[in-house]
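> Let me give you the structure first, and then I'll get to my questions.
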Amino acid sequence: MNEQRNDASLHEILSAVCDETATAEQIERLAERLRSDAATRRFYVRYLDMHGRLNTLPALEDDAADANHAQRSRAWRRPVVWGSFAAAVAIAAFLLGGQMRKPADPALEQAGPAVRPYVATIIDASPTSLLNGKSATPGARLAPDRFHLTGGSCTLRFDGGAQLFFDDDARFAIVSRHAISIDKGAFAFRGDITCEAISITTPRSTLIDVGTEYAAVVKPGSEDLHVVDGMVRRTPSGGSTASELLPAKTGRSYAGREVGGRTIEFDPSLAARGTAGAATPSHAPVAPLAQDRFETDSPQIGQSAGGSGWKTPWVSHAGLPEFAIVRPGLAGDSSGAIAHAGGGTAAAHRRLASPIDLGTDGVWYVRYLVRRPAPQQNDPNIAMLVLRTYGLTTEEEIERQSALHLVVYRADTLAVKFAGHSVRSAVPQPPGETFAIVAKIVAGRTQPDQVFACVLPASRLREREPLEWAVATDCIASGHIYDQVSMEIVSQGEVFFDDIAIGTTWSSISSGEAATP
């Protein structure tokens with residue numbers, strides 16, 4: 003009897019959601035049940051699917067007059083119904099964030115392998131440089147481990163802001179976000195008052211920066227230290243409690259574990275090399291894996307097959323209004339743009355020729371251009387690009403938390419939902435202006451996956467990827483494979499969507515200028 007009452011209550015809430023009459027209390031009750039009960043989640047998906055399908059079926063009419071009246075009625079009613087239905091799907095699937103994630107089993111979590119979070123990023127490297135025998139690719143993320151750099155130089159940026167330049171044949175071990183051990187080689191450190199301090203341990207010293215720029219050479223018989231700016235606190239290794247504070251424009255050489263060392267001529271050249279390396283692109287541009295600027299003669303998105311790197315043409319979502327293709331596009335030149343006239347929801351899907359496999363070592367960048375109006379009252383104003391696994395049903399996708407959502411919504415919110423986790427940030431997006439929504443996906447065969455995102459003015463896509471991202475997910479071992487791209491818009495206003503690009507380097511997705519509104 004209680005189960006029947008619960009089902010009736012759920013039916014009542016879902017009916018109110020689809021009719022857009024649900025109260026805040028009903029939404030909260032629905033979210034709680036979705037979070038805590040798998041059967042409710044399955045029923046929820048089936049209910050919305052049934053609701054959508056019923057509204058695409060022709061009604062049974064008794065006579066021609068009633069049929070004509072019903073046809074006219076459906077003509078104006080269907081976009082509203084589909085708008086509420088699809089909005090319910092999109093909003094619940096994304097905006098509820100982690101509400102539908104199953105509670106973790108503590109025993110399983112304890113038994114599973116520990117995920118080592120990334121703590122640093124390669125921001126520059128010589129084209130021939132290798133880190134542990136693999137190409138040191140700008141954009142790659144590093145977790146705590148031991149490393150040997152050969153074939154050239156490399157610059158790392160720790161998540162706390164500090165940068166370390168290493169010359170060829172350096173040997174070091176990243177210990178944590180705040181500590182690194184350097185056994186051999188020349189390095190240059192750069193930090194400022196906003197950066198987290200980094201403890202650098204060498205065979206003879208422990209160095210702590212104080213808003214510092216300095217360089218050092220760690221050799222078998224000695225180590226030389228040159229402080230360019232700020233101060234460095236040096237403590238001899240071996241358990242000594244004595245320390246010294248070295249000011250700017252100081253040079254010291256240490257043959258043992260003594261305090262003081264020997265004064266040498268100050269040489270800023272190594273630190274200058276690190277600065278110069280970080281200012282010049284080191285790798286040649288790479289073509290994107292997939293791109294579409296909608297340079298097609300088709301007036302609508304359905305079966306549009308332009309661009310490169312795709313396995314299939316675009317397919318409009320069944321039962322939803324079809325996107326129009328208009329010119330000029332947001333990217334200028336001969337491009338077109340996807341136009342959503344407003345009044346509800348529209349979506350289109352296309353399969354990739356080269357999937358994004360998060361079970362392998364790699365970095366991928368995803369970018370699209372968008373221009374949105376100011377949101378109307380109670381308008382989610384969503385424009386999102388979704389990476390999916392082709393062939394999964396909606397229910398399977400939700401159960402597996404397999405989709406990656408890259409979203410702008412409301413007036414100024416950027417959000418990423420990945421593997422059931424959602425992160426978001428307020429980023430100014432004046433209505434009527436064109437923005438580039440950019441994501442970076444990091445994956446590893448034995449390392450976790452992580453997603454970053456930012457919003458940039460489309461006319462100012464830079465040659466280098468940003469050092470700071472607006473949002474970053476946790477490090478998650480997902481192993482998902484994405485081989486389908488979806489464009490989805492839920493808005494009462496006119497929204498434009500253009501120039502989708504997916505690549506393995508920042509330069510592969512950062513080219514192109516946006517057209518003036």
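Mapping of the sequence shown onto our numbering: position 48 corresponds to residue 50, and the numbering continues sequentially without gaps.
Built from N, CA and C at the ideal position, the CB exists for glycine as well.
(1) How is residue 259 classed by DSSP in three states: helix, strand or coil?
(2) Could you check whether the region 211–224 touches the region 246–262, counting it as contact only if at least three pairs of C-beta atoms, one from each stretch, sit closer than 8 angstroms?
(3) With a Cβ-Cβ cutoff of 8 angstroms, do residue 324 and residue 358 count as a contact?
(4) If you draw a straight line from the C-alpha of residue 365 to the C-alpha of residue 243, how long is it?
(5) Excluding sequence positions up to five away, which residues of its chain have a Cβ less than 6 angstroms from the Cβ of residue 474?
(6) Report all residues from its chain with a CB closer than 6 angstroms to the CB of residue 399; omit the five preceding and five following residues, and keep chain order.
(7) Between 161, 120, 153, which has its C-alpha nearest residue 468's C-alpha?
(8) Check for me: the alpha helix (DSSP H) holding residue 402 runs from which residue to which?
(9) Any idea if residue 251 is buried or exposed, counting beta-carbon neighbours within 10 angstroms, 16 or more meaning buried?
(10) Is residue 469 helix, strand or coil by DSSP?
(11) Between the C-alpha atoms of residue 200 and residue 249, what's the straight-line distance to the nearest angstrom?
(12) So, residue 374 versus residue 290, is the Cβ gap smaller than 8 angstroms?
(13) Taking contact to mean 3 or more Cβ pairs, one atom from each stretch, closer than 8 angstroms, check whether the region 458–467 and the region 340–356 are in contact.
(14) Taking the alpha helix (DSSP H) that residue 183 falls in, what are its first and last residues?
(15) Let me make sure I understand the geometry here. Which of 215, 299, 382, 245 has the alpha-carbon closest to that of residue 164?
(16) How many Å lie between residue 234 and residue 141 at the Cα?
(17) For residue 261, count the other beta carbons within 10 Å of its own beta carbon; 16 or more makes it buried, fewer makes it exposed. Which is it?
(18) Helix, strand or coil for residue 505? Go by DSSP, reduced to three states.
(19) So what does residue 229 bridge to, in DSSP terms?
(20) Buried or exposed: which applies to residue 265, given that a residue is buried once 16 or more other Cβ atoms fall within 10 Å of its Cβ?
(21) Decide if residue 1 is buried, meaning its Cβ has at least 16 other Cβ atoms within 10 Å, or exposed.
(22) Should residue 120 and residue 144 be called a contact, given that it needs their Cβ atoms to be closer than 8 angstroms?
(23) Within its chain, find whatever has a CB closer than 6 angstroms to the CB of residue 420; leave out the 5 residues flanking it on each side and keep chain order.
(24) Helix, strand or coil, according to DSSP, for residue 310 in the structure here?
(25) Name the residue from 196, 385, 219 whose alpha carbon lies nearest to the alpha carbon of residue 269.
(26) Can you look up residue 273 in the DSSP assignment and give me helix, strand or coil?
(27) Indicate the three-state DSSP secondary structure (helix, strand or coil) for residue 329 in the structure shown.
(28) Looking only at its chain, what residues have a beta carbon closer than 6 angstroms to the beta carbon of residue 206, apart from the 5 residues adjacent to it on each side?
(29) Quick check: residue 443 and residue 368, are their CB atoms within less than 8 angstroms of each other?
(30) Using 8 angstroms as the threshold, is the C-beta distance between residue 370 and residue 327 below it?
(31) What does a CB cutoff of less than 6 angstroms around residue 12 pick up in its chain, not counting 5 residues either side in sequence?
(32) Count the other C-beta atoms from every protein chain shown that fall within 10 angstroms of the C-beta of residue 490, then say buried if there are 16 or more, exposed otherwise.
(33) Can you give the beta carbon distance from residue 477 to residue 177, rounded, assuming they're within the 8 angstroms contact cut?
(34) Compare the C-alpha of residue 275 against each of 209, 293, 189 and name the closest.
(35) Roughly how many angstroms lie between the CA atoms of residue 139 and residue 397, to the nearest whole one?
(36) Drop a sphere of 10 angstroms on the beta-carbon of residue 379, count the other beta-carbons inside from all chains shown, and report buried for 16 or more, exposed for fewer.
Result, derived from the coordinates:
(1) coil
(2) yes
(3) no
(4) 43 angstroms
(5) 454
(6) 405
(7) 161
(8) 396–402
(9) exposed
(10) coil
(11) 17 angstroms
(12) no
(13) no
(14) Element bounds for residue 183: not the alpha helix (DSSP H) but the beta strand (DSSP E), 181–192.
(15) 215
(16) 29 angstroms
(17) exposed
(18) strand
(19) 216, 252
(20) exposed
(21) Outside the shown range of the chain, which is 3 to 519, sits residue 1, and nothing can be said about it.
(22) yes
(23) 406, 453, 475
(24) strand
(25) 219
(26) helix
(27) coil
(28) 225, 239, 256, 259
(29) yes
(30) no
(31) none
(32) buried
(33) Wrong, their Cβ atoms sit about 17 angstroms apart, outside the cutoff.
(34) 189
(35) 38 angstroms
(36) exposed
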